[in-house]
Structures are given as structure tokens and as C-alpha cells.
Amino acid sequence: MNEFGDERKLKLEGLLDPETAETAARIILDAEPIVLGITFWNCFRPWNVPERRICDNFFFLTVSGEERVTVNGEERILRRGDAMIVPEFIPHSFGLADGCGASQHFIAHALTGDVAGANPFGCFASPFLHPEHTEAVLTRLETIVAVRNTSPDAAQSAMKQLFKELMLEEARAGRFRFSVPRRNDGRIALALAYINANFAGCIAVADIAAHVRLGEVQFRKLFRREVGMSPAACLQRTRLVHAARLLARYDLPLAEVAEQSGFSNECYFSTAFRAAFARTPGQYRRYIRGR
């Protein structure tokens, strides 16, 4: 009893097992998807997208009709409210199912904010899912696409939140687990923070090693062991992800995108971008905006 009567605070301690609670905390704190675009499509026969691999994470949710999709060779027929989430570089295809003449769907593209961490889009137990509150999700997606016409930043923020909610929903059902544990070495956290703060400048691996007070050779070994890639690859990937974000959001000249992303010149930037994303920067900009 208290001054308001008989009310009792519950901590819901038994709601989540320790692993699920840790996963949920990591989704909330660490998952930082960078939404590149969210679009709504009407499609009519003979529409079909053959198998492909793309450089970002791909979200697809059916609104009407029946759509045949494959992910890594596994086939499904999607109907209203069914979705697929395809991690970067995983083969997939989609098109109208046999006997279906037209369909509607939402598509979103996203990158991973932490390029050296686990890709959360690859942590789903299955690439195929059906959101629990289907109609609410469909209404939110409609709103996000409509808002994008006047505020792309607001739409991207709303889609980012929806992605995190889908991850949390799947985690509670035991269908989402991070495959890479959090790093324990504080020097790697400092190195990653330094990269994220300074990638647009003229920095090299030696500068990062000096920042964390390690010799370059020792630092390279430690970084690869903890992160799973070399510090040079991480720096390059960070620059490319930033460039992709600029291309998706703004109509900046390519030379300016290169400069703001830490590349010494436009030619080198274009070559590196195409090698990583299988498209030139200009092609990527048109592709991600659905043009």
C-alpha cells in the first residue's frame, strides 16, 4: 500500500532469458542501420528480377498479390504481410508468382552503421518473416513513403526505428541472435571511434595505431583478431559507407562526395566504389533512388 492505494511495481524479470535480454540491449544500443531508401511499387506481368547480389541490405514486404522470391536458393511465395530481409551480397530474386498478374510491395535498402561489427541484417534465423502486427506495419510503411516526399531524413529515421523493432520482435521469438560477441579490448573501441571521427581526413593505419599507443605491426594483429578485418579495410569501408549515404541523400557533385568521404580524388573514389559496390557512384545514386 502507498498514498495512492494498492499498486505494485513489476520488473518483469522473468520475461526475457539472459541471452534474449542481452540481444535486445545490443539491438537498442548498437544496431545503427543507415537507411538509404524506402519505396512503394506496383508491378505487372512480365515483371521479374532475376537472381542478383547487391552491396546493401535489402528489405521486401508484399502488400498485395503473390510474389515468388528466393534467398540463397530457398524459395517462398509471399502474400500480404510476408517479408524478406536479405543481407548484403547474398543472392536473391523476386517476381510475380505463377498465375498472378499484378502485385504491390515495399522495398527498403540499408547499410550497417558499424562496418566492423556484426551485420544485424544477417542475424535473423531466417530471411523470411511475417511481422506480428502486420496491418500496423503496413500503415507505418505507407506513412514513411509519403513522408519521404517532403522529408527524406524523417522517413529514413522512421524506417530505421521500424527495422530495430522488427529485430526486437524476432529476438523475443528466439529468431534473432548476434553472431559476433562484443569486443573486450578497449583499445579497439578507441581505434574504431578514431576512425569514425577522422575518416574524412588524411589518416592512415599508422595514425590509428599511434592514437591507441601501439606499434603498427602489433596494432594490425590485434585489430584483425578482434574485428575480423584489417584496419586499412575498415577505414576504406567506413569511407565507402559514408559516400553511399551521401549519394543516397544529396545531389552533391561526385568530387565533393569523394572529398567529404576521405578520398584523395574523384577517380580513385570512383574506382574504389565500383570495386566494392559493383556500380559507379552515379549508377548507385540512380539505383537507390528508384530512378
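Each number in the numbering used here corresponds to the 1-based position in the sequence shown with 3 added. For each residue, glycine too, the CB sits at the ideal point set by N, CA and C. The structure displayed is predicted, hence computed values, not measured ones.
How is residue i classed by DSSP in three states: helix, strand or coil?
i	result
residue 37	strand
residue 125	helix
residue 88	strand
residue 57	coil
residue 70	strand
residue 201	helix
residue 283	coil
residue 222	helix
residue 8	strand
residue 15	coil
residue 181	coil
residue 266	coil
residue 217	coil
Residues in its own chain within less than 6 Å of residue i by CB, not counting five upstream and five downstream?
i	result
residue 46	106
residue 257	269, 284
residue 166	36
residue 109	43, 64, 144
residue 197	211, 214
Starting from residue i, follow the alpha helix (DSSP H) in both directions and report where the run begins and ends.
i	result
residue 261	257-263
residue 208	208-214
residue 247	234-252
Would you kindly work out how many angstroms separate the C-alpha atoms of residue i and residue j, rounded to a whole number?
i	j	result
residue 62	residue 90	9 Å
residue 177	residue 86	18 Å
residue 137	residue 284	36 Å
residue 241	residue 11	48 Å
residue 160	residue 4	43 Å
residue 274	residue 179	36 Å
residue 146	residue 59	23 Å
residue 125	residue 209	32 Å
residue 15	residue 80	38 Å
residue 253	residue 18	44 Å
residue 189	residue 222	13 Å
residue 181	residue 8	43 Å
residue 163	residue 266	28 Å
residue 39	residue 206	27 Å
residue 233	residue 227	5 Å
residue 151	residue 43	11 Å
residue 70	residue 104	10 Å
residue 73	residue 54	8 Å
residue 139	residue 84	10 Å
residue 76	residue 68	22 Å
residue 316	residue 158	Because the chain spans 4 through 294 in this model, residue 316 falls outside it and cannot be assessed.
residue 173	residue 115	18 Å
residue 225	residue 231	10 Å
residue 155	residue 220	43 Å
residue 245	residue 6	54 Å
residue 48	residue 25	45 Å
residue 203	residue 135	41 Å
Provide the residue span of the beta strand (DSSP E) that contains residue i, from first to last.
i	result
residue 3	Here the chain comprises residues numbered 4 to 294, so residue 3 is not present and cannot be evaluated.
Which residues in the same chain as residue i place their Cβ atom closer than 7 Å to its Cβ, once the five residues preceding and following it in sequence are excluded?
i	result
residue 262	none
residue 1	Outside the displayed span of the chain (4 to 294) sits residue 1, for which this structure offers no information.
residue 215	190, 193, 194, 222
residue 171	27, 30
residue 199	241
residue 218	212
Just checking residue i against the ligand SAH - is the residue's beta carbon closer than 7 Å to any of the ligand's heavy atoms?
i	result
residue 9	Within the structure as shown, the ligand SAH is missing, as the structure has no ligands at all.
Can you give me the Cβ contacts of residue i inside the same chain, cut-off strictly under 8 Å, excluding the 5 residues immediately before and after it?
i	result
residue 250	260, 284, 287, 288, 291
residue 243	264, 275, 276, 279, 280
residue 102	69
residue 294	Its pLDDT being 48, under 50, residue 294 is placed unreliably by the model, and the measurement read from it follows with that caveat. Counting only Cβ-Cβ distances below 8 Å, and skipping sequence neighbours, we find nothing.
**Study point:** alpha helix (DSSP H) runs contained entirely in the segment 95-165, provided each spans 4 or more residues
**Key:** 137-151
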